[in-house]
Amino acid sequence: MLKSDSFQIGTIIKTHGIHGELIIEVNYPELIENYKEPVFLELEGLLVPFFIKTLVPVSNERFRVAFDWIETEIKAKKLVQVPVLIPNQNLQLSEQNLQVAPELLVGFQLIDINTGPVGEVLAFLDNKMNPLLAVETNMGEQLIPFHPHFIRSINPNSKEILVELPDGLVDLN
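Position one of the sequence shown corresponds to residue 175 (the numbering used here), numbered consecutively onward.
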């Protein structure tokens, strides 16, 4: 599996106890809470699958995890500060998850319900005060506010985002 075919959900931040358990700090708890498939850890530039034995929430952003074959603190210490990824194909692309993790919208088509197709989403820019979507339009790359007020629906099956943008917004860039 390639890194481009996966999504980083968090990082292992420390060991927990002497039996090989680890603490993962996650960016999107909703995506991992009930996750049953193997996760991938980036070790020496390679993505290596690890099967989850147990996964227990510790706080909103932290989970205690036990992996198969990691049963000692010594083995666990080697995994501290390692990114944790899941394959894009295993992501549950629901409208709720897409609003929680808008980075997953890359590749979706942005469509204004009044004017029609706007373009393809190239990136999500996580500015806390004004999150933006970078969209490739026929006029070049445009920045569109990613605000719930503008979003009418997100369809993960057709990979479309229906929005109602203010008149002239796309022409401002």
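Glycine included, each C-beta is placed from N, C-alpha and C at the ideal position.
Within 10 angstroms of its Cβ, does residue 254 collect 16 or more other Cβ (buried), or is it exposed?
Within the sequence shown, the letter at position 80 stands for residue 254. Looking at its Cβ environment, which holds fewer than 16 other Cβ atoms inside 10 Å, residue 254 is exposed.
Residue 230 versus residue 297: straight-line alpha-carbon distance, rounded:
Start at 1 with the first residue of the sequence shown, and residue 230 comes out as number 56. Start at 1 with the first residue of the sequence shown, and residue 297 comes out as number 123. When rounded, the separation of the alpha-carbon atoms in residue 230 and residue 297 is 32 Å.
Assumed close pair residue 285, residue 239 - CB separation to whole angstroms, cut-off 8 Å:
Looking up residue 285 in the sequence shown gives position 111. Looking up residue 239 in the sequence shown gives position 65. Their Cβ separation, rounded to whole angstroms, is 39 Å, which puts residue 285 and residue 239 out of contact at 8 Å.
Taking the beta carbon of residue 194 as the centre, do at least 16 other beta carbons fall within 10 Å, making it buried, or is it exposed?
Taking the sequence shown and counting its residues from 1, the one referred to as residue 194 is at position 20. It is buried - the Cβ of residue 194 has at least 16 other Cβ atoms within 10 Å.
Counting along the chain, where does the alpha helix (DSSP H) carrying residue 250 start and finish?
Within the sequence shown, residue 250 is the residue found at index 76, counting from 1. Going by DSSP, residue 250 is part of the alpha helix (DSSP H) stretching over 247 to 251.
Rounded to a whole number of angstroms, what is the C-alpha to C-alpha distance between residue 182 and residue 313?
Within the sequence shown, the letter at position 8 stands for residue 182. Within the sequence shown, the letter at position 139 stands for residue 313. Rounded to whole angstroms, residue 182 to residue 313 spans 32 Å at the Cα level.
Which residue marks the beginning of the alpha helix (DSSP H) containing residue 206, and which one marks its end?
Against the sequence shown, residue 206 aligns to sequence position 32. Run containing residue 206: 203 to 206, per the alpha helix (DSSP H) assignment.
Among 261, 281, 200, which has the Cα closest to the Cα of residue 184?
Taking the first residue of the sequence shown as 1, we reach residue 184 at position 10. Among 261, 281, 200, the Cα nearest to that of residue 184 belongs to 200.
Can you tell me whether residue 235 is helix, strand or coil according to DSSP?
Here residue 235 refers to the residue found at position 61 when the sequence shown is read from its first residue. Correct three-state label for residue 235: coil.
Sheet register partners of residue 319 (DSSP bridge):
Numbered from 1 along the sequence shown, position 145 holds the residue referred to as residue 319. Paired residues: 306.
From 222, 202, 319, pick the residue whose C-alpha is nearest to that of residue 303; which is it?
Taking the first residue of the sequence shown as 1, we reach residue 303 at position 129. Nearest of 222, 202, 319 to residue 303, Cα basis: 319.
Roughly how many angstroms lie between the CA atoms of residue 287 and residue 340, to the nearest whole one?
Mapped onto the sequence shown, residue 287 falls at position 113. Mapped onto the sequence shown, residue 340 falls at position 166. So the two alpha carbons sit approximately 11 Å from each other.
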